[in-house]
Structures are given as structure tokens and as C-alpha cells.
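Structure first, commentary second.
Protein chains: 2
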Amino acid sequence: MVQDVMEREGPRSKRAGILAAAIDSFGQDGYEHTKWAKIADEVGIGQTALYHYFESKAHCLLTIMSLELARSLQRFREVTADVPQADAALRAAIAAAYDVSPREVLQMRILQNHMDLLATPRASEREEVERQQARKHVREIEDEWTALVERGMASGAFPERDARALATVVLAMVVSVWRWYRPGGRLSLDDVRELIADAAVRVVGP
Amino acid sequence: MVQDVMEREGPRSKRAGILAAAIDSFGQDGYEHTKWAKIADEVGIGQTALYHYFESKAHCLLTIMSLELARSLQRFREVTADVPQADAALRAAIAAAYDVSPREVLQMRILQNHMDLLATPRASEREEVERQQARKHVREIEDEWTALVERGMASGAFPERDARALATVVLAMVVSVWRWYRPGGRLSLDDVRELIADAAVRVVGP
DNA sequence: CATCGAATTGAACTAAATTCAGGTCAGGAA
DNA sequence: TTCCTGACCTGAATTTAGTTCAATTCGATG
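Chains as they are written, first to last, in UniProt numbering: chain A, 1 to 206; chain B, 1 to 206.
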């Protein structure tokens, strides 16, 4: 669900609705291609009302990205927390990565397509805050994958090599899927899970 | 070099200069962040003159992407043509992928960051032509990698599995590097070549 | 009831890409 | 040489979308 962020929202807040509409449009039609005013229409408010919730269209995009990163990170931690064997944890993390709702698929797509936005500072205050937040999540996710690989090396499950580099490669494999995956396409999410899990085990294993 | 495209260019054409300036700015500062007029300044012409060479800023971007895809494809074919063993061809293709000039690094970055542009049709004529061109190159590159993997399976060098899926994974690994690689960063291009070549051999091998 | 802040609005503003309506310039034909 | 043509270029005007502004409505709370 999109709700339950830290900040308490008033009962007649349209924030969640805006995010949902934005995710659908940004994900389906692309960020630059969607007119900000169209989101307002879909939610049933005037364009100006959007600025009560987000400082800008870009701020909304960054929020969507940050939310999805936070969710992914949390999910990773949940499913790997109580799995001591690194190879099992690796498979669990990958399974979790593809255990997503249709809307989360769109969010991952948006995330992949606009990751470059996180590289350069934003002029406006709240955008920059959200960007930093997102960057932090990215770093934490990379750290989690690295720690997982290191754990496997320490336990002897994986041969000793550059853990961070390997983690980067594995993570890239996992997320690159969202660039081409389409529901109803040649491969199902289950197919993808199997494909990537096997590949990851091979990359990191003996 | 950026020149030697099919179309003969007049001697005082600034097209190559525009492309070079655009690659630098789009690659360094990002496409949306660079002002089209700034490119004109850098080349030493008025903003309107840009439209003599490109129908739009997006058309220029699509041209850059298409050019880089064409170059990559050609290079792949060159280095794998006379290598019969699939595993050697795989390593050659990966080596070639990272044997690039600084400007080509930027072009690959631009390509990765805007691949999603190829998914949806363009309203304007020449943009759409360039998009189709780029999509064709993408398809051909995917076909080349797939054929390479299939060749390996047929020869027994790689175990039989879903060749297209595996090729997609390998190609994704190869190109995902451009999202994070920076000259002077933790890993050199030689490091990257080794890292990805090893990973690819593991993914596709026994 | 009074009030406060969240939520909303129409009208005006702005930045940047693009179009328009015409110039200039170099090189080949007459 | 002069003329002509098409490549190349320009300043001014237009367009489009995102954004700001000043002012208003609504609902809960004291």
C-alpha cells in the first residue's frame, strides 16, 4: 500500500491518490510524457492543488522513487533476517525482489528509468531532501547485498573475491529486469525469479 | 569519431560539433538538465540554427543513441566475426564493450539513461524514424548476443538452456555498468572488463 | 460560534523549446 | 562577372507546461 508513510495525513488528503495516479502514468506513459495537470484531473482536483502535496512534479517523482527504495530495502531485510545460510538468503532476496504487485512493477520501472536523477543535486529544498533520502536507501541496499555476499564468503559458501563488486553485478542483474519485463510477456515473474536466481548463484558461487 | 554518417555533410556543417557538444552536456549534466540553447552557444550559433540540423532536442538525443547503438553493434560483429569458439567470442565481445573512448562512455551513459524513450512512439516524423532505427539496432544487438550464446550451446561449450533469456541477462550485466562507472572511480575499465567477463562466463557456462 | 490550518482555486507568470519570416553566404551555371 | 540556388543562419514572436500568487472554502476543535 502507498499509505502509512511517517507523516500523519489529514483524512481528506489526496496525497495517496496523487501518488497512485502518478505511479500509473509515469510508469505506463513515462515521466516526461505525462502532463502534471493530467494527474490533477485524474485525482479530481485543480492543477494548483498538487502543489499543496508536492513542491513540483520532480518532487513527486523523487518521492515515488524513495518510497519504492525504502520498501525494497525493508523487504530485503525481512526475508534475509532469519536465514543464516548465505546461498539460501540470496535466493530469498531474489524471490522477494520479484514478489511484487502490478503497481510495484511500475514503481520499479520508474525507479530504473530515472535513477540518474539521484546523481545531481536539486535546486529546490524538499526535492533535495527526498533525493538524499533515496540515495541513502540505495547505499543501504548496496550494503545489504554486499554484506550478504561477504557472509557467504566468510562461511565458505562462496569463494573469496571482491564482494562489493560482485554484489553490484548481482544487484544490477536483479533490477535490470524492470527495464524489459512486461506483464503477460514472454517470461512470467516466476520465470524471471528462476532465471535471475540461477544466474546470481552462478556469478557468486564456486 | 562522430563524423562519417551516411549523409554527406556540407563543409561548413556544424552537425558534428552539435553532436559532440550535446553528448558532453547530456552525458555530464543530463539531458533534461541541459538547456538546448546552451548547446547552440557552445557551438557558436544561434539557438534557431540548431533546427537546421535537428528537428528537436529529442531528435538530437535519439540520434546520439542511435549512433552509439550502431557503433556498438558494428564493433560486436567485428570482434566476434572470426572467433569460432563461443567462449572466446564472449570474452572478445565483452572486451570490445569496454574498449571505448571517454566520449563513448558518455554516449553509453546517455543510452542507458534514456533507453525508455525507445518504448513509446514519437509524435514527430524524423524523431520516430530515428527511434525505429535505434530499436532495430537494439534488436540486432540482442540477436547477436543470443546467437553467440546459441552457438556456444550447439558446440557444447555452454549447457543447453534458454539462450535468449541468458543473452538478455548477460547483455544487461554488460551495459548496466554505464549506470555507475565513472573515470577515476574505484574500478578501472580493465577491472570492469575482468569482472563482467568472469560473471558472464559463469552465467552462461557449465 | 470563532478560529485555524488543511485543502483548493482561477488567473497570472515563467522558462525553455520551438516556429516564423525572412536574411546571408559560398559555389556552380550562364 | 553576375546570377541563382540551397545550405546555413538569425531576431522576434509563439507555445507549452510547469509553477506562483492572492484569495477562498471546508471541517475539526476549543
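Where is the CB? At the ideal position from N, CA and C, for every residue including glycine.
Does the Cβ-Cβ distance between residue i and residue j come in under 8 angstroms?
| i | j | result |
| --- | --- | --- |
| B:Val169 | A:Ala58 | no |
| A:Val175 | A:Ile94 | no |
| B:His137 | B:Leu62 | no |
| B:Ala157 | B:Gln85 | yes |
| B:Ser56 | B:Glu130 | no |
| A:Ala165 | B:Leu187 | yes |
| A:Ala92 | A:Val79 | yes |
| A:Cys60 | A:Ala16 | no |
For residue i, return the contacting residues in chain B, with the cut-off set at a CB-CB distance below 7 angstroms.
| i | result |
| --- | --- |
| A:His33 | Thr120 |
| A:Gly30 | Asp116, Thr120 |
| A:Ala165 | Leu187, Leu195 |
Shorter than 8 angstroms from the beta carbon of residue i to some beta carbon of chain A?
| i | result |
| --- | --- |
| B:Met65 | no |
| B:Met153 | no |
| B:Ser56 | no |
| B:Ser188 | no |
| B:Ser124 | no |
| B:Val203 | yes |
| B:Ala49 | no |
Could you confirm whether any beta carbon from chain B is found closer than 8 angstroms to the beta carbon of residue i?
| i | result |
| --- | --- |
| A:Val2 | Bear in mind that the predicted position of A:Val2 carries a pLDDT of just 40, short of 50, making it unreliable; the figure below should be weighed with that in mind. No, A:Val2 lies away from the interface with chain B (no Cβ there is under 8 angstroms from its Cβ). |
| A:Met6 | With a pLDDT of 43 at A:Met6, under the threshold of 50, the modelled position of this residue cannot be trusted; read the value that follows with caution. Not an interface residue. |
| A:Leu111 | no |
| A:Val138 | no |
| A:Arg193 | no |
| A:Ser176 | yes |
| A:Leu19 | no |
| A:Ala86 | no |
| A:Ala157 | no |
| A:Gln172 | Here residue 172 of chain A turns out to be Ala, not Gln, going by the sequence shown. For A:Ala172, the answer is yes, since a Cβ of chain B falls inside 8 angstroms of its Cβ. |
| A:Ile39 | no |
Please report the Cβ distance between residue i and residue j, rounded to the nearest whole angstrom; I am assuming they are in contact, meaning their Cβ atoms lie under 8 angstroms.
| i | j | result |
| --- | --- | --- |
| B:Met108 | B:Glu68 | 6 angstroms |
| A:Gln28 | A:Leu118 | About 22 angstroms separates the two Cβ atoms, so there is no contact after all. |
| A:Ile45 | A:Lys14 | 6 angstroms |
| A:Asp87 | A:Gly152 | 6 angstroms |
| B:Phe26 | B:Ile110 | 5 angstroms |
| B:Leu189 | B:Tyr98 | 5 angstroms |
| B:Leu90 | B:Val177 | Not really, about 16 angstroms apart at Cβ, beyond 8 angstroms. |
| A:Gly30 | B:Thr48 | Rounded, the Cβ-Cβ distance is 28 angstroms, inconsistent with contact. |
Mind pulling the chain A residues with CB within less than 8 angstroms of residue i?
| i | result |
| --- | --- |
| B:Thr168 | Trp180 |
Strictly below 9 angstroms CB to CB, what residues from chain B border residue i?
| i | result |
| --- | --- |
| A:Ala81 | Within chain B, no residue comes near A:Ala81; the closest Cβ sits about 27 angstroms away, beyond 9 angstroms. |
Which residues in chain B have a C-beta closer than 8 angstroms to the C-beta of residue i? List them in chain order.
| i | result |
| --- | --- |
| A:Ala97 | Simply none; closest approach about 14 angstroms. |
Just to make sure I have the definition right: I need the residues of chain A whose C-beta is within less than 9 angstroms of the C-beta of residue i. Which are they?
| i | result |
| --- | --- |
| B:Met108 | None at all; the shortest Cβ gap to chain A is about 13 angstroms. |
Going along chain A in order, which residues have a C-beta closer than 7 angstroms to the C-beta of residue i?
| i | result |
| --- | --- |
| B:Ala93 | Chain A residues near B:Ala93: none, gap ~17 angstroms exceeds 7 angstroms. |
| B:Ala199 | Val169, Val203 |
| B:Ala147 | Simply none; closest approach about 17 angstroms. |
Touching by the beta-carbon criterion (3+ pairs, under 8 angstroms), the stretch 143 to 157 of chain B and the stretch 132 to 147 of chain A: Judged by Cβ distances under 8 angstroms, the stretch 143 to 157 of chain B makes no contact with the stretch 132 to 147 of chain A, as fewer than three pairs qualify.
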